[in-house]
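Residue numbers (the UniProt record's numbering): 1 to 305.
Even for Gly, the Cβ is constructed at its ideal location relative to N, Cα and C.
These figures come from a predicted structure and were not determined experimentally.
Heads up: the structure comes next, in structure tokens.
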Amino acid sequence: MRGIRYTLMKNLNLDYLESFAVVIDTGSFSAAAERLQLTQPAVSLQVRQLERSLNATLIERVGRRARPTAAGVALLSHMDQINAAVTSAVDAVSQQTTGTAGRVRLGTGATACIFLLPPILRELRAAMPSLEITVTTGNTAEIARAVEDNTIDIALVTLPVSGRSFEITPVMNDEFVLIAPHDMKLPARITPEVLATRPVLLFEPGGNTRRTADEWLARGGVSLKPLMSLGSVEAIKEMVRAGLGCAILPGMAVPARTKPRDLIVRSLSPRLHRRLAVVIRRDKRLDRGLRQTLSALKGLSSESS
Numbered sequence: 001m002r003g004i005r006y007t008l009m010k011n012l013n014l015d016y017l018e019s020f021a022v023v024i025d026t027g028s029f030s031a032a033a034e035r036l037q038l039t040q041p042a043v044s045l046q047v048r049q050l051e052r053s054l055n056a057t058l059i060e061r062v063g064r065r066a067r068p069t070a071a072g073v074a075l076l077s078h079m080d081q082i083n084a085a086v087t088s089a090v091d092a093v094s095q096q097t098t099g100t101a102g103r104v105r106l107g108t109g110a111t112a113c114i115f116l117l118p119p120i121l122r123e124l125r126a127a128m129p130s131l132e133i134t135v136t137t138g139n140t141a142e143i144a145r146a147v148e149d150n151t152i153d154i155a156l157v158t159l160p161v162s163g164r165s166f167e168i169t170p171v172m173n174d175e176f177v178l179i180a181p182h183d184m185k186l187p188a189r190i191t192p193e194v195l196a197t198r199p200v201l202l203f204e205p206g207g208n209t210r211r212t213a214d215e216w217l218a219r220g221g222v223s224l225k226p227l228m229s230l231g232s233v234e235a236i237k238e239m240v241r242a243g244l245g246c247a248i249l250p251g252m253a254v255p256a257r258t259k260p261r262d263l264i265v266r267s268l269s270p271r272l273h274r275r276l277a278v279v280i281r282r283d284k285r286l287d288r289g290l291r292q293t294l295s296a297l298k299g300l301s302s303e304s305s
């Protein structure tokens, strides 16, 4: 049964269906040929081909008028559905190719997701309301693997990241800061030696953010055992607010315009930065949605300069 259905569908031709419908609507092959701007033999041939494909007689002549047979009536009853399905399919493909719809799979770290992405996603939503954007969070290594495996289209991650198949575009520097409870006594200069004498909370191991903080401490001759390692920047901030200790955080997590009054925020000495970059496969096909997303992420470089 499946083989018969497949053969029928393979042989169906939308032009043949249109010719059949117009013949019935106009009542004659000659009138249909005039409307379709074809010759009458061409219209007759298309109808015969359609009948052969369906193994059914679809039109009979009653006097001078062409009328549908029972099989023809059955086919006509589905013409609106067929036309609607074809129109819907063409529109869907058009939306994908023009970029008025589509999907972008974006990967980034949890901190960037909270503090960088919202205005970018708002602008993309305004520009392309039908664009579906899914966001996956993880550390740099996890996100880079997903880009390599093509399960994520584009990423915003902390450098370094490596991969021969990647196009890597640095977009911004982010300076680390120390946050501490408002009642913690701290010297003017926050050095690794200072933190060696304080309870410190850090990001959990495995990501570039923790590695960057550990390397800064090591350069100052400090091997620190953190009081606590957490995966969430907001969780770390709450622990600091509760007075459990101080923490090294990316500056973007403590925006200057919204620095909390219940926390002390200090620069580190020597200063510590990380670089964020946009990562995409070199062979990635850029539709309009992905191109717009890439442009928005690269725009971070002008905002941070």
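Asked, Found
"How far does the beta strand (DSSP E) with A247 in it extend, from its first residue to its last?", "C246 to P250"
"Tell me the DSSP bridge mates of A180?", "I264"
"Would you say T111 and A247 are within 8 Å of each other, going by their C-beta atoms?", "no"
"With DSSP as the reference, label M239 as helix, strand or coil.", "helix"
"Can you give me the start and stop residues for the beta strand (DSSP E) that S229 sits inside?", "M228 to L230"
"I280 bridges to which residues according to DSSP?", "I154 and E167"
"Ordered along the chain, which non-local residues of its own chain (more than five positions away) have a Cβ less than 7 Å from that of P187?", "V194"
"Compare the beta carbon distance of P199 and L227 with 8 Å and say whether it is the shorter of the two.", "yes"
"Under the assumption that K298 contacts D153 (Cβ atoms under 8 Å), give the Cβ distance between them as a whole number of angstroms.", "15 Å between Cβ atoms; not a contact."
"Quick check: the segment 264-274 against the segment 170-185, are there 3 or more CB pairs under 8 Å?", "yes"
"Is the separation between the beta-carbon of I264 and that of H182 shorter than 8 Å?", "yes"
"Which partner residues does F203 have in the DSSP bridge list?", "L230"
"Threshold first: 4 residues or longer. Then list the alpha helix (DSSP H) segments lying entirely within the segment 44-127, N to C.", "70-76, 79-98, 110-115 and 117-127"
"Would you mind reading off the limits of the alpha helix (DSSP H) that contains Q37?", "No alpha helix (DSSP H) contains Q37, which DSSP labels as neither H nor E."
"May I ask you to report which of helix, strand or coil DSSP gives G3?", "Note on G3: pLDDT 48, under 50, position unreliable in the model; the coordinate value appears next. Correct three-state label for G3: helix."
"Who are the Cβ neighbours of L17 in its own chain at under 6 Å, not counting the five residues just before and after it?", "none"
"In whole angstroms, what separates the C-alpha of L272 from that of T212?", "8 Å"
"Within the present structure, is the beta-carbon of G289 separated from the nearest heavy atom of the ligand ADP by less than 7 Å?", "In terms of ligand content, the structure shown is empty, and the ligand ADP therefore cannot be addressed."
"Starting from K298, trace the alpha helix (DSSP H) in both directions and tell me its first and last residue.", "R288 to K298"
"Along the alpha helix (DSSP H) that carries P192, what are the first and last residues, could you check?", "P192 to L195"
"Quick one, which of T209, E51 and S28 has its alpha-carbon nearest G63's?", "S28"
"For R52, is the classification buried or exposed, using 16 other Cβ atoms within 10 angstroms of its Cβ as the cut-off for buried?", "exposed"
"Are the CB atoms of V171 and L290 nearer to each other than 8 Å?", "no"
"I'd like to know whether the C-beta atoms of P192 and G220 end up nearer to each other than 8 Å.", "yes"
"What's the C-alpha gap between L117 and T108?", "9 Å"
"Going by other Cβ atoms of all chains shown within 10 Å of its Cβ, with 16 needed for buried, is V90 buried or exposed?", "exposed"
"Can you give me the start and stop residues for the alpha helix (DSSP H) that R211 sits inside?", "N208 to R219"
"Of the residues I143, V93 and T87, which one's Cα is nearest the Cα of C113?", "I143"
"Which class does D149 belong to by DSSP, given the choice of helix, strand or coil?", "coil"
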